[in-house]
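Shown next, in structure tokens, is the structure this report addresses.
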Amino acid sequence: MKLLKEFTIPFVGLKIGKHHFEYAIKQAFFEHFEYEDFNDVNINVNLEFEKKSTLLELHFKITGWVNINCDITNEPYNQIIENDFVLVVKFGDEYNDENIDILIVPHGTYEVNIQQYIYELSVLAVPIKRVHPGIEDGTLNSEILEKLEALSPKEQNENKEKKEEIDPRWNTLKKLLTDK
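As structure tokens, this is what we get:
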């Protein structure tokens with residue numbers, strides 16, 4: 003995958019200390035990753051980049067919304083997302099990204115690309131079950147919801163009555179439990 007230039011931070015020229023970067027993520031970013039679950043995107047990324055003498059600390063914080071389809075009705079809606087992540091970049095003999103929150107880059111590296119981390123933070127911030135807020139509060143009028151309601155199994159009063167009736171033989175056994 004081709005690296006996007008705007009997400010590459012050349013840290014060699016930065017002074018030791020904290021630096022702030024902001025990114026506005028739109029739909030084109032996810033099209034670059036060939037991710038098609040989002041209809042539209044408006045995400046803000048705040049990155050606090052702290053350069054230390056032996057390592058780098060990156061504090062990601064994303065906020066915004068993604069337009070996705072509901073799992074129940076397939077109606078599009080805006081899902082609010084929020085996520086944060088801390089990445090430590092260390093220097094070593096060879097590149098190693100096996101640990102989730104530690105990235106080891108070879109000595110002599112002068113820049114780090116953060117696009118993959120932004121992508122993963124955004125995708126993982128979306129809930130597993132995507133339910134339109136109109137379903138939860140009852141304001142969504144949809145043909146699919148009406149059809150689901152019509153096809154859902156109805157509780158039968160006969161089964162309730164059978165559960166409420168207790169076989170009289172059990173009453174004697176219950177009496178034994180209370181006699182202790």
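Quick note: the sequence shown uses the numbering used here, first residue 3, plus one each step. Virtual Cβ for every residue (Gly too), placed ideally from N, Cα, C.
Rounded separation between residue i and residue j - CA only
| i | j | result |
| --- | --- | --- |
| residue 189 | residue 30 | The requested residue 189 is not part of the displayed model; the chain covers only 3 to 182. |
| residue 69 | residue 112 | 36 Å |
| residue 17 | residue 59 | 14 Å |
| residue 72 | residue 39 | 11 Å |
| residue 5 | residue 34 | 10 Å |
| residue 83 | residue 178 | 57 Å |
| residue 106 | residue 145 | 53 Å |
| residue 67 | residue 156 | 37 Å |
| residue 140 | residue 132 | 16 Å |
| residue 80 | residue 128 | 11 Å |
| residue 174 | residue 168 | 12 Å |
| residue 15 | residue 54 | 13 Å |
| residue 121 | residue 42 | 14 Å |
Buried versus exposed call for residue i [16 or more other C-beta atoms within 10 Å across all chains shown]
| i | result |
| --- | --- |
| residue 49 | buried |
| residue 10 | exposed |
| residue 123 | buried |
| residue 119 | buried |
| residue 97 | exposed |
| residue 134 | buried |
| residue 160 | Note that residue 160 scores a pLDDT of 49, beneath 50, so its modelled location is shaky; the value from the coordinates is reported in the next line. Residue 160 should be labelled exposed. |
Residue i, enclosing alpha helix (DSSP H) - first and last residue
| i | result |
| --- | --- |
| residue 136 | 135 to 139 |
| residue 2 | Because the chain here runs from 3 to 182, residue 2 falls outside it and cannot be looked at. |
| residue 125 | 117 to 127 |
Proximity to residue i [Cα-Cα], best of the options
| i | options | result |
| --- | --- | --- |
| residue 64 | 27, 178 and 170 | 27 |
| residue 104 | 117, 142 and 88 | 88 |
| residue 52 | 174, 44, 75 and 62 | 62 |
| residue 32 | 149, 117, 151 and 170 | 117 |
Segment limits, beta strand (DSSP E) that includes residue i
| i | result |
| --- | --- |
| residue 22 | 19 to 27 |
| residue 79 | 78 to 94 |
Proximity of residue i and residue j at Cβ, strictly below 9 Å
| i | j | result |
| --- | --- | --- |
| residue 90 | residue 13 | no |
| residue 46 | residue 77 | no |
| residue 95 | residue 109 | yes |
| residue 147 | residue 74 | yes |
| residue 85 | residue 126 | yes |
| residue 57 | residue 92 | yes |
Cβ of residue i within 9 Å of any chain C Cβ
| i | result |
| --- | --- |
| residue 107 | Note that chain C does not occur in the displayed structure, where there is just one protein chain. |
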